[in-house]
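Below you'll find the structure, written out as structure tokens, and then a few comments.
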Amino acid sequence: MRTVPSSLRRGPGLDVAVVGGGMVGAAAALALSRAGFRTALLEARPPLPWQAGDDVDLRVVGLAPSSIALLRDLDVWTSIRDARACPYSHMHVWDAGNGAAIDFDAADEGRDLLGYIVENNLVQWTLWQSLEAAGVRRLCPATVKDYELRSDRVMLELADGESLAVRLLVAADGAGSPLRARAGIATRGRDYAQRAVVAHVATERAHAHTAWQRFLPTGPLALLPLADGRSSVVWSLPEAQARRVQALDDQAFLDELGIASDFRLGRITSTTPRAAFPLKLQLADAYQAERFVLLGDAAHTVHPLAGQGVNLGLRDVAELRDTLVQAHEQGRDIAASHVLRRYARRRRSADTLDAYGFDALARIYGWQAQPLVAARGVGVHVIDRLTPLKRRIAAHAAGS
Ligand SMILES: Cc1cc2nc3c(=O)[nH]c(=O)nc-3n(C[C@H](O)[C@H](O)[C@H](O)COP(=O)(O)OP(=O)(O)OC[C@H]3O[C@@H](n4cnc5c(N)ncnc54)[C@H](O)[C@@H]3O)c2cc1C
19 MRTVPSSLRR GPGLDVAVVG GGMVGAAAAL ALSRAGFRTA LLEARPPLPW
69 QAGDDVDLRV VGLAPSSIAL LRDLDVWTSI RDARACPYSH MHVWDAGNGA
119 AIDFDAADEG RDLLGYIVEN NLVQWTLWQS LEAAGVRRLC PATVKDYELR
169 SDRVMLELAD GESLAVRLLV AADGAGSPLR ARAGIATRGR DYAQRAVVAH
219 VATERAHAHT AWQRFLPTGP LALLPLADGR SSVVWSLPEA QARRVQALDD
269 QAFLDELGIA SDFRLGRITS TTPRAAFPLK LQLADAYQAE RFVLLGDAAH
319 TVHPLAGQGV NLGLRDVAEL RDTLVQAHEQ GRDIAASHVL RRYARRRRSA
369 DTLDAYGFDA LARIYGWQAQ PLVAARGVGV HVIDRLTPLK RRIAAHAAGS
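The numbering of the sequence shown is our numbering, which starts it at 19 and goes up by one.
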């Protein structure tokens, strides 16, 4: 990783303020500070400490190799992996409408594994533990109320009346991003009118380190392997059905989930309480404004069917770090428009392709008319046998 020698840093004050300390913002603050930029991280809510004795956080993500590479680069990956992460080396996706299935196997891609399933708050907490030693100025709880542009800096106004001057403002403040709205950046996309019901369940059969996903007429159902042998359920359903499923008593939920998963892991034998998250496709019209960039869910929110949301966000982080380091090496202002445009152009075009690709998948799997369902089955069958195409899909998901 290239860094900016401290002797080259100019002037007093901060280079970058990252607003939002979720997985993406915390990774951005750590990456930028490690690269040599004087960085502050502002977060409204203190992160919940992760403790080995606690039950597995209901929110988990599938981390792709590109994300693992970044976390390794930031020296946090080994702690995350050793704390509680479940490697998976297979993915089996099948269609309730026509029985067509597609399999991805790490060995076919010349890898040991396809990724790891990890708890969101373990990733966030581990990153936070490294911030202080890396020299990140942490302000938490701190809410950015507003900001004002000056010719050479941005003045942040915090809710407690404090202010902060920085050269570049990085907004990683989530899908509802107040800073994106303040920067006048609109979004486009669509509300899926679906919710993902999540829970951790025990199953009769072992998960076999496989990510299972069944496409049902109501939406995809994923069973993701957890390190303790259970599986994490992400069950996307139309709003009303999601509410109904959430309200079922445990036994009725286990029975319905067994049927929905086609008993692929046998009977579902126990469950944690459930939670549900609304799903939408949202893409910011621009990733950059004057002395301002967007990262993570503040820039893009995608359907969880491909398990890529945070992976895209962490690719934003790596690109921003590399762009700013290169600008600095070339003696440019890290917040100059052409520098930020370069980051924005690269990431927005990559994220747009992915976001609309996942959206197309959601639409195709939403087809219910029998001829279309049959055509979908033929398509999946062909892809499963077209090794070069399958390889390209797997490599893309891995972030290579
Ligand atoms: C059901 C479900 C399953 C998913 N599965 C996967 C998966 O398998 N793989 C994957 O890659 N992704 C997955 N995702 C997506 C992933 O969870 C998100 O992309 C990721 O959590 C976004 O992280 P973030 O840091 O960008 O945003 P957030 O986690 O939303 O963090 C934003 C932070 O900003 C703070 N904030 C907001 N406003 C302010 C302010 N004004 N001042 C200070 N702080 C502020 C908030 O408190 C918050 O901590 C899934 C999502 C869902 C809903």
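Ideal placement from N, C-alpha and C gives every residue a C-beta, glycine not left out. Remember, predicted model here, so these are calculated numbers, not experimental data.
Contact check between the segment 142 to 160 and the segment 115 to 134: fewer than three CB pairs, one atom from each, fall below 8 Å, which does not count as touching. From the listed residues 311, 296 and 229, the smallest Cα separation to residue 303 is found for 311. The three-state reading of DSSP puts residue 227 in coil, since its state is none of H, G, I, E or B. Using a cutoff of 7 Å, the CB of residue 376 does not count as near ligand 1, since none of the ligand's heavy atoms is closer than that. In the structure shown, the three-state DSSP call for residue 385 is coil. Contact check for residue 43 and residue 314: beta-carbon distance about 7 Å, within the 8 Å limit, so the pair qualifies. Apart from the 5 residues on each side of it in sequence, residue 120 sits with its Cβ closer than 7 Å to the Cβ of 111, 398, 401 and 402 in its chain, given in chain order. Boundaries of the alpha helix (DSSP H) harbouring residue 88: 83 to 91, taken from the DSSP string. Between residue 349 and residue 86, the alpha-carbon positions lie close to 31 Å from each other. Its chain contains 55, 56 and 185 as the residues whose beta carbon lies nearer than 6 Å to that of residue 33, once the 5 sequence neighbours on both sides are disregarded; these appear in chain order. Looking at 261, 253 and 292, the one whose alpha-carbon comes closest to that of residue 277 is 253. C-alpha of residue 256 to C-alpha of residue 375: approximately 21 Å in a straight line. Nearest neighbour of residue 135 by Cα position, chosen from 411, 251 and 406, turns out to be 251.
Taking all protein chains shown into account, residue 386 has fewer than 16 neighbouring C-beta atoms within 10 Å of its C-beta and is therefore exposed.
For the segment 247 to 273, the full-length alpha helix (DSSP H) segments reaching 4 residues or more read 257 to 265 along the chain. Collapsing the DSSP output to three states places residue 202 in coil.
At least one heavy atom of ligand 1 falls within 7 Å of the beta-carbon of residue 160. In the same chain as residue 48, and ignoring 5 residues on each side of it, the C-beta atoms closer than 8 Å to its own belong to 92, 94, 145, 148, 149, 152 and 154, in chain order. Taking 8 Å as the cut-off, the beta carbon of residue 197 is found closer than this to the beta carbon of residue 189.
For ligand 1, no non-hydrogen atom lies closer than 7 Å to the CB of residue 198. For residue 108, the closest alpha carbon among the candidates 90, 89 and 80 is that of 80. When the Cα atoms are used, residue 284 and residue 268 turn out to be separated by approximately 17 Å. In the three-state reduction of the DSSP assignment, residue 321 falls in the coil class. Residue side-chain check: residue 41 places its Cβ nearer than 7 Å to a non-hydrogen atom of ligand 1.
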